[in-house]
Structures are given as structure tokens and as C-alpha cells.
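In case it helps, my numbering puts the sequence shown at residues 78 to 205. Glycine included, each C-beta is placed from N, C-alpha and C at the ideal position.
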Amino acid sequence: MKNRILTDTSVWIEFFKLKSKIGDRLEYLLIENSIWTCGIIMFELLQGVKSEPEKVKILDKLSSLPYVEMTDILWQKSAELSISLKKEGLNLPLSDIFISAIAIENNLSVFTIDKHFEQMPNLKLYRI
């Protein structure tokens, strides 16, 4: 079965800015049609753009990917995940909680270089 991977903003930044092993792997996964995206990832990438060409480059790449919408159920699941993490004494970024809930509910792995995703229960991580 083909990988279904939600790529975190940290990996996209590597892809767009640097020549790296992580960026090369994302390029391979894009060719394999394994990459998905969502609104929070698009938001995080676009809020950091410094020029119109950079914005166009990002939107061009993301617009061709399968897109997961944030639904009422996903908002609820995100809140439940946040509550369970706080009970364990973990206060993780809301954007990463949203990404994790989207991935868990849609059976997607997350490709990231951010270590705190390892603390998310029931989240599958894509490793290279």
C-alpha cells in the first residue's frame, strides 16, 4: 500500500530552502504521490513568505496535493488530544495538535523533524 503522509511545515521549509536529505526525501515522496496537506500547514508556510515569487512557489506545490479539510469532528478530536496531553503535563503548540489530530483521524503518517510529535499518542511518524 502506498504511503499516505502529512508533511509538517518543518520538512517543507527544508524542502524549499535547503538542499538536504530531508528535502530530497520529500521530493521522492511527492513524485510517488504520497504527500497530503491541510490548512494549518498551508497557513504556517504562507505566513513566512518574504516575496510574491516565494508565495507562488509554495501555492503551486501545495495546490496539487490531496487536501484534508478541518471538520467539526477534527476540531473536537484536536481538543480531546490537547486535554489528554495537558493531563500528562505536556503543553504542545496548537498547530501541531491540529496536524496530529488530522493525521490520526485520516490514517496519515506525519513527516517531521520536530521531536515533540513523538509525544503525540497514536500518531504514526514517517521516518527516513
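Check	Outcome
Segment contact flag, the region 94-101 with the region 166-183, C-beta cutoff 8 angstroms, min 3 pairs	no
Where Trp113 falls, given that 16 or more other Cβ within 10 Å makes a residue buried	buried
Length-filtered (3 minimum) beta strand (DSSP E) runs lying within the region 107-187	112-115
Cβ-based neighbour list, Glu182, same chain, cut-off 8 angstroms, excluding 5 preceding and 5 following	Ile150, Leu151, Lys154
Between the CA atoms of Asp191 and Gly125 - distance to the nearest angstrom	18 angstroms
Residue range of the unbroken beta strand (DSSP E) whose run includes Ile189	In the sequence on display, residue 189 carries Thr and not Ile. From DSSP, Thr189 is part of no beta strand (DSSP E); its letter is neither H nor E.
First and last residue of the uninterrupted alpha helix (DSSP H) at Ile90	86-94
Candidates Glu195, Trp89, Met197, of which the one nearest Leu136 by Cα	Trp89
Spatially closest choice to Arg81 from Phe120, Glu131, Ala156, Val145, by CA coordinates	Val145
Nearest residue (CA-CA) to Asn110, options Lys138, Met197, Thr148	Lys138
Close Cβ partners of Phe175 (< 6 angstroms) along its chain, the five nearest in sequence each way excluded	Ile117, Ser155
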